[in-house]
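Numbering of the sequence shown is given in the numbering used here, commencing with residue 637 and proceeding in unit increments. Where is the CB? At the ideal position from N, CA and C, for every residue including glycine. Bear in mind the structure is a predicted one, so any value in this text is a computation, not a measurement.
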Amino acid sequence: MSAGQISEQRARRARIGAAACFLLTGVISASWASRVPAIKDGLGLSDGQFAIALLGLEAGAVVGLQLGGLVVPRTGSRRALIGSLLAFSAALLGPAFAPSLLVLAASLFAFAALNSVVDVAMNAQGVAVQRFMGRPVLSGMHAMHSLGGVLGAGAGALAARLGAMPPPHFLACAMVAVVVGLAAWSLLLPSRIDAKEVQSDDGAANASGLRRWFSGWSVSIALLGALAFCFTLAEGAGLNWSAVYVADALGGTETLGAIGLGVFLGAVTIGRLVGDRLVSHLGPVGVFRAGAVMAGVGFGGALLIDAPVAGLVGLALLGAGIANALPLAIAAGGNTPGETPATAAARVSTLGYLGSFVGPVLVGGLASLSSLSVALGLPALFVLAAAFGARAVRRAR
637 MSAGQISEQR ARRARIGAAA CFLLTGVISA SWASRVPAIK DGLGLSDGQF AIALLGLEAG
697 AVVGLQLGGL VVPRTGSRRA LIGSLLAFSA ALLGPAFAPS LLVLAASLFA FAALNSVVDV
757 AMNAQGVAVQ RFMGRPVLSG MHAMHSLGGV LGAGAGALAA RLGAMPPPHF LACAMVAVVV
817 GLAAWSLLLP SRIDAKEVQS DDGAANASGL RRWFSGWSVS IALLGALAFC FTLAEGAGLN
877 WSAVYVADAL GGTETLGAIG LGVFLGAVTI GRLVGDRLVS HLGPVGVFRA GAVMAGVGFG
937 GALLIDAPVA GLVGLALLGA GIANALPLAI AAGGNTPGET PATAAARVST LGYLGSFVGP
997 VLVGGLASLS SLSVALGLPA LFVLAAAFGA RAVRRAR
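Put into structure tokens, the structure is as follows:
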């Protein structure tokens, strides 16, 4: 289907539908994260035992990224997105009803795998919407995911305060997600846009799905994936270590540590909300490079100052600087000449999201060998180095 066959009004409707899906994934993910203490205590798990359960989460996320890269180009982003979103919503119930550590680990594997498929499909749909609208909109969609995280965390805190157990809380969340997901189906761009492009992929027309996925990676797509990896590594590190950094490494209070996490997430959300407008005025390369320098130099410099206030400022600069890098890399991949948009977006997403899993582990390992302040210099170096590859995102409009 050519761009001429999609009206601007139809593309706008699809933008609303895709944004709703981004919002839902944020709500669902944060709903799970906000009730972790209740689930952990309910099963009587120690920190070490719960870490074993989280291995299922990490493994599922990696497997899901590969699965999404295979499914989305074959079925089209709309079918893959709504199907995986409905399953992801239902999978939220697994951790709530898990009777043992083994079942919890298995349910988290399924939950994370489906989440990754949703992520790949959402970004493929977002790239298609942006292409037909003819202007940047993908950063705004990612902002909806961040906003959903805030809403989900708030709802989780309220549920905990009211004494609601995870099962009814998660059931209510899943029911709302299913209703909104079904409503979004009619708004999204039709699957035949992505599916038809995949069928015409002459580079691997007769190859198996698995072979098609692992073969034919161009230098451009690999570079965009590597750039995305640098920024999601920093995002994962900030998300998992910012509160500990402010509260422990800088000698702040537990409350101040929570504020540090809020500052980081708030900066990411605000950065993405204004990201599309910035890209329209400054261009994707300018926004990408400025963000990398802001995050790398700003956060890196703050790490040299042993004071909670400096830590908060550094986390704000880190969040704002990395906010738009992943949407820009994915959009550039989807617009790369000679590449199937859905496949290219899925590949960049896959390498990108891997960084969010690797980052926290690397920082934790380095912190055990030195200090957390030193270890957090690693993500600052990664994003600063990525500034030199900013030209790769020039097609992200």
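Beta-carbon spacing of residue i, residue j below 7 Å
{"i": "Arg908", "j": "Ala779", "result": "yes"}
{"i": "Asn759", "j": "Phe724", "result": "no"}
{"i": "Gly927", "j": "Ala961", "result": "yes"}
{"i": "Phe1018", "j": "Cys866", "result": "yes"}
{"i": "Ala789", "j": "Ala666", "result": "yes"}
{"i": "Glu871", "j": "Ile941", "result": "no"}
{"i": "Leu774", "j": "Ala967", "result": "yes"}
{"i": "Val994", "j": "Leu869", "result": "yes"}
{"i": "Ser822", "j": "Gln761", "result": "no"}
{"i": "Cys657", "j": "Ala808", "result": "no"}
{"i": "Gly700", "j": "Ala749", "result": "yes"}
{"i": "Asp912", "j": "Pro772", "result": "yes"}
{"i": "Ala764", "j": "Ile857", "result": "no"}
{"i": "Gly861", "j": "Leu1005", "result": "no"}
{"i": "Leu1008", "j": "Ala885", "result": "yes"}
{"i": "Ser878", "j": "Leu892", "result": "no"}
Secondary structure of residue i, DSSP reduced to three states
{"i": "Arg983", "result": "helix"}
{"i": "Trp668", "result": "helix"}
{"i": "Met930", "result": "helix"}
{"i": "Leu691", "result": "helix"}
{"i": "Pro772", "result": "coil"}
{"i": "Ala800", "result": "coil"}
{"i": "Arg1027", "result": "helix"}
{"i": "Val642", "result": "According to the sequence as given, residue 642 is Ile; it is not Val. It is coil, neither helix nor strand."}
{"i": "Ser720", "result": "helix"}
{"i": "Gly940", "result": "Checking the displayed sequence, the identity of residue 940 turns out to be Leu instead of Gly. Coil at Leu940, not helix or strand."}
{"i": "Pro826", "result": "coil"}
{"i": "Leu679", "result": "coil"}
{"i": "Val812", "result": "helix"}
{"i": "Ser1004", "result": "helix"}
{"i": "Asn759", "result": "helix"}
Contacts around residue i, its chain only, beta-carbon distance under 6 Å, and the 5 residues preceding and following it disregarded
{"i": "Ala734", "result": "Leu740, Ser743"}
{"i": "His805", "result": "Ala795"}
{"i": "Ala1022", "result": "Leu863, Cys866, Ala928"}
{"i": "Gly653", "result": "Ala820, Leu823, Leu824"}
{"i": "Gly932", "result": "Ala1016, Val1019, Leu1020"}
{"i": "Leu914", "result": "Val923"}
{"i": "Ser854", "result": "none"}
Start and end residues, alpha helix (DSSP H) containing residue i
{"i": "Ser1009", "result": "1008–1011"}
{"i": "Trp877", "result": "855–880"}
{"i": "Gly919", "result": "Unbroken run through Gly919: none, as it is neither H nor E."}
Residue of the options minimising C-alpha distance to residue i
{"i": "Gln766", "options": "Ser643, Leu1008, Val1010", "result": "Ser643"}
{"i": "Pro955", "options": "Leu660, Ala1011, Ser782", "result": "The identity of residue 955 in the sequence shown is Gly, whereas the question assumes Pro. If we check each option's Cα against that of Gly955, Ser782 comes out closest."}
{"i": "Ala894", "options": "Trp668, Thr972, Val880", "result": "Val880"}
{"i": "Gly887", "options": "Val915, Leu798, Pro944", "result": "Pro944"}
{"i": "Leu1002", "options": "Leu1014, Phe993, Ser992", "result": "Leu1014"}
{"i": "Ala732", "options": "Ala697, Arg671, Ala820, Gly696", "result": "Arg671"}
{"i": "Val816", "options": "Leu998, Leu1012, Thr661", "result": "Thr661"}
{"i": "Met769", "options": "Arg646, Ala813, Met777", "result": "Arg646"}
{"i": "Glu694", "options": "Asp677, Pro996, Pro802, Leu706", "result": "Pro996"}
{"i": "Leu901", "options": "Ala982, Val812, Gly784", "result": "Gly784"}
{"i": "Arg983", "options": "Arg797, Gln702, Gly692", "result": "Gln702"}
Own chain, CB closer than 7 Å to residue i, minus 5 neighbours either side, in chain order
{"i": "Leu737", "result": "Leu679, Leu681, Gln685, Ile688, Ala689"}
{"i": "Leu859", "result": "Gly1025, Ala1028"}
{"i": "Ala810", "result": "Ser725, Ala726, Leu728, Leu729"}
{"i": "Ala1011", "result": "Val999, Leu1002, Ala1003"}
{"i": "Ala722", "result": "In the sequence on display, residue 722 carries Leu and not Ala. So the list reads Val814, Gly817, once near-sequence residues are dropped."}
Same chain only: Cβ atoms within 8 Å of residue i, ignoring 5 sequence neighbours per side
{"i": "Met637", "result": "In this prediction, Met637 has a pLDDT of 44, which is less than 50 and means its spatial position is unreliable; what the coordinates show is noted afterwards. So the qualifying residues of the chain are Pro826, Arg828, Ile829, Lys832."}
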